[in-house]
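Presented below is the structure to which this report refers.
Numbering (our numbering), first residue to last: -15 to 147.
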């Protein structure tokens, strides 16, 4: 089955699998926590209101830090990819982006945990904000070519070859 795809398609499928898989990790728990807050008889918060306020501030600050860390760390590491073969650059890219995706997912999980514990809709907003930032990092052909500093034409030619 994999013989029908060229090198670029296989790589792009692998990157997208990591991206979509990482995004999907928190969607079902978020949906369950959110639906619990919207039911006719929602369950009570699992923490008292004073703890809710502390969690709101703490989780929001930690999530903001994680988003900043995931984006800046990725950008710095991508800038350090040196003049290697395209295949090596793409493997470095994948490694860097997987770590970035996991850091962003950790920020999203804080929103899910906060919503589950407190039933406070601030955490819905936090989760959605992190997912919005996540969507901005979606790998595309143009972004990948720019990040590894390879012309789109060269990347296309490399991708046409069968290994």
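All C-beta atoms, glycine included, are put in the ideal place defined by N, C-alpha and C.
Contact between the segment 59 to 72 and the segment 97 to 106 is defined here as three or more beta-carbon pairs at a separation below 8 Å; is this criterion met? no
Return the first residue and the last residue of the alpha helix (DSSP H) that residue 119 is part of. 106 to 120
Given residue 92 as reference, the closest of 112, 77, 78, 143 once Cα atoms are compared: 112
Simplified DSSP state of residue 61, which is helix, strand or coil: helix
Per-residue DSSP class, three states only, for residue 70: helix
Below 9 Å between beta carbons: does that hold for residue -5 and residue 78? yes
Exposure label - residue 38; buried when at least 16 CB within 10 Å: exposed
Residue 96 burial status per 10 Å Cβ neighbour count (16 or more: buried): buried
If distances are taken between C-alpha atoms only, which option among 7, 15, -3 comes closest to residue 107? 15
DSSP state of residue -14, grouped into three classes? With a pLDDT of only 49 at residue -14, under the threshold of 50, the placement of this residue in the model should not be trusted, and no figure is reported.
In this structure, how does DSSP classify residue 30 when only helix, strand and coil are distinguished? coil
Can you tell me which of 6, 130, 129 puts its alpha carbon nearest to the alpha carbon of residue 87? 6
If we ignore side chains and look at the alpha-carbon of each, how far apart do residue 128 and residue 117 end up? 17 Å
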